[in-house]
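Protein chains: 4
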Amino acid sequence: MGVQVAVIGSGREHEQRAEEVGRLLAERGCTVVTGGLGGVMAAAARGAKSVGGTTIGILPGERRADANEWIDHAVVTGIGHARNLAVAASGDAVIAVGGSWGTLAEIGFAMRLGRRVVVLDRDVEGLKRAATPAEAVERALADLD
Amino acid sequence: MGVQVAVIGSGREHEQRAEEVGRLLAERGCTVVTGGLGGVMAAAARGAKSVGGTTIGILPGERRADANEWIDHAVVTGIGHARNLAVAASGDAVIAVGGSWGTLAEIGFAMRLGRRVVVLDRDVEGLKRAATPAEAVERALADLD
Amino acid sequence: MGVQVAVIGSGREHEQRAEEVGRLLAERGCTVVTGGLGGVMAAAARGAKSVGGTTIGILPGERRADANEWIDHAVVTGIGHARNLAVAASGDAVIAVGGSWGTLAEIGFAMRLGRRVVVLDRDVEGLKRAATPAEAVERALADLD
Amino acid sequence: MGVQVAVIGSGREHEQRAEEVGRLLAERGCTVVTGGLGGVMAAAARGAKSVGGTTIGILPGERRADANEWIDHAVVTGIGHARNLAVAASGDAVIAVGGSWGTLAEIGFAMRLGRRVVVLDRDVEGLKRAATPAEAVERALADLD
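Chains as they are written, first to last, in this note's numbering: chain W, 1 to 145; chain G, 1001 to 1145; chain Y, 2001 to 2145; chain L, 3001 to 3145.
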């Protein structure tokens, strides 16, 4: 298996940067893992697919059809917001782009499980903010691949 | 059903205040919901039982025996850290006393689900910190009971 | 903590017997755990409350208001059908009254976790069917309380 | 996205047939979804990889390293046996090869969610048993791809 990086977050104003994160990860050969729905999740997957990358969507509901069109492999969990744990846990590293309370839950889980977490376009106490998508990807992958 | 309040958090230095929170909630007739294990979780349940309150422990593992001795009713979820969602969701309000990343995940879920969240002995961006256990309980229950 | 017994199942024709199971369990001092919704779940809780017993409902959704009116303590899991694991795991023994595929999932989990499972009004390969609610309760509690 | 089929089950004596199921599914262009661990799960993934197929493992624990070596994409759920729901739900169809109580839980969930379920090397009331891996795959995919 290659390196998997989870991209999480939300907020329309963050989608362009999430797309760049997804593209950069795919260019580095990483599989991009997201929550599989719209917004930042779709943007990251779209970025990865724009350069031929591979994407996994971990869905909260019970139907594969909920996945956005850039998802290669959909995991249908049926466990609602608890799927945030699976998203966070499935990344060798996690990049948060913007995001609100659901993203905070994912960051909390990722840190609890000892995953490397990089934040972009938001601040979380105890985490160092990346200035650009390139820096976020660089820090997420340092020593991993 | 009466009012249920979830008490979450961790950190030895916060246990005394968590115990006071549990006691005050029980004196107000609330059922105290926790994650059912040790530390702040046990302290809150102990406080509630010290005045004859009722306690529920929502456990991450697969065995009832994991529950601390102040738990009246143990729910054995078997879903690990994902039980944090159930703890947060089962409170009409949530009081966080101290705590680290796992607590942050619970706060994120509680806010995502629209629960009222009061923080004590810690800061979370966007939430107003209570100064004392009494204030935390007062704000948690305002307009609820 | 006293003995907790999970009552699972579905089917309108099984509700009367489920109510009797709930009543008998409460008379024996057991807390009755169910999935918290209607049908057999509500019947078992109603039976327990008819003799002053205690009931816990482990709900699949995100709202306490989904619980039936005979639930004393509602656990709101937010994890959909995966809450079946928690229902099965939270019983020191599990009694299945009728039921369809969801009940089969709970029986599978309960057996996987080593819980004692008694079936009433249905057959499951490898399990001995109880003839009456009284026999089901007797076998569920043998050596437990 | 292409068709995804979940292969579930357990029992050393069923591994050869599970491997054949995995191989036949991959030859038909399906992605093979499993629980990601050993035994029947590993056999099905090995069969798929033997002909260049794609495999997804949905793990119960918190570490990617738990996945067997034939898994291309590991989803780390952290939710223990509750990940059985995700395995069942992620298949457009589900093929059970042998298996014990955990498999029964997955079959229960798959039927509850309306997935097509085919059983091989075991009987489940209400389901028609396939005689061979080829028949199991044929029936799983009928009208799907």
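We put the CB at the ideal spot given by N, CA and C, even for glycine.
Straight-line gap, residue i to residue j (C-alpha atoms, nearest Å)
{"i": "L:L3104", "j": "G:A1043", "result": "40 Å"}
{"i": "Y:N2084", "j": "W:E27", "result": "42 Å"}
{"i": "Y:P2060", "j": "Y:I2107", "result": "17 Å"}
{"i": "G:W1070", "j": "G:G1038", "result": "10 Å"}
{"i": "L:D3092", "j": "Y:D2121", "result": "32 Å"}
{"i": "Y:R2017", "j": "Y:N2068", "result": "18 Å"}
{"i": "L:K3128", "j": "L:V3118", "result": "7 Å"}
{"i": "Y:L2024", "j": "Y:V2051", "result": "9 Å"}
{"i": "W:G126", "j": "W:R112", "result": "13 Å"}
{"i": "Y:V2040", "j": "W:E135", "result": "56 Å"}
{"i": "Y:V2005", "j": "G:A1110", "result": "29 Å"}
{"i": "Y:V2075", "j": "G:G1011", "result": "25 Å"}
{"i": "L:T3132", "j": "L:H3014", "result": "12 Å"}
{"i": "G:W1053", "j": "G:A1065", "result": "Reading the sequence as shown, one finds Gly at residue 1053 of chain G and not Trp. Taking the straight line from one Cα to the other gives about 21 Å."}
{"i": "L:M3001", "j": "W:G57", "result": "11 Å"}
{"i": "Y:R2116", "j": "W:S100", "result": "43 Å"}
{"i": "L:G3036", "j": "G:K1049", "result": "44 Å"}
{"i": "Y:G2022", "j": "L:E3062", "result": "38 Å"}
{"i": "G:E1019", "j": "G:T1055", "result": "13 Å"}
{"i": "L:G3009", "j": "L:D3072", "result": "20 Å"}
{"i": "Y:D2123", "j": "Y:V2007", "result": "16 Å"}
{"i": "G:A1130", "j": "W:S90", "result": "36 Å"}
{"i": "W:G98", "j": "G:G1114", "result": "20 Å"}
{"i": "G:V1094", "j": "L:L3144", "result": "46 Å"}
{"i": "W:R46", "j": "Y:A2096", "result": "47 Å"}
{"i": "W:V3", "j": "Y:V2003", "result": "47 Å"}
{"i": "L:G3102", "j": "Y:G2102", "result": "13 Å"}
7 Å Cβ cutoff, residue i in contact with chain C
{"i": "W:W70", "result": "Note that chain C does not occur in the displayed structure, where the protein chains are W, G, Y and L."}
Listed by chain order, chain L residues near residue i by CB distance under 7 Å
{"i": "W:I107", "result": "The premise fails here: W:I107 is roughly 15 Å from chain L at the closest Cβ pair, so nothing lies under 7 Å."}
{"i": "Y:M2111", "result": "W3101"}
{"i": "Y:L2024", "result": "Correct list: empty, because the minimum Cβ distance to chain L is about 26 Å."}
Interface partners of residue i on chain G, CB under 9 Å
{"i": "W:L37", "result": "Those within 9 Å of W:L37 in chain G number zero; the least Cβ separation is about 14 Å."}
7 Å Cβ cut-off: residues of chain G touching residue i
{"i": "Y:T2031", "result": "H1073"}
Partner residues on chain W for residue i, Cβ-Cβ distance less than 8 Å
{"i": "L:E3062", "result": "A89, L113"}
Bridge partner(s) assigned by DSSP for residue i
{"i": "L:R3116", "result": "L:A3093"}
{"i": "Y:H2073", "result": "Y:I2056"}
{"i": "L:R3129", "result": "L:V3119"}
{"i": "L:G3009", "result": "L:V3097"}
{"i": "G:Q1004", "result": "G:T1031"}
Beta-carbon neighbours of residue i, restricted to chain Y and to distances below 8 Å
{"i": "G:V1076", "result": "A2086, A2089, S2090"}
Proximal chain L residues relative to residue i, where beta-carbon distance stays under 8 Å
{"i": "W:M1", "result": "R3064, A3067, I3071, D3072, H3073, A3074"}
Cross-chain neighbours of residue i in chain Y, by beta carbon under 9 Å
{"i": "G:I1056", "result": "I2056, H2073, V2075"}
beta-carbon residue i near the ligand GTP non-hydrogen atom, thresh 6 Å
{"i": "G:N1084", "result": "The ligand GTP is not part of the structure shown, which contains no ligands of any sort."}
Contact set between residue i and chain G, taken where Cβ atoms lie within less than 8 Å
{"i": "W:L104", "result": "L1104, A1105, I1107, G1108, M1111"}
Contact set between the segment 2079-2097 of chain Y and chain W, restricted to residues whose Cβ is under 7 Å from the partner: I2079, G2080, H2081, A2082
Three CB pairs or more closer than 8 Å across the segment 61-81 of chain W and the segment 3084-3097 of chain L: yes
Cβ contact check for the segment 134-145 of chain W and the segment 1030-1045 of chain G: 3 or more pairs under 8 Å: no
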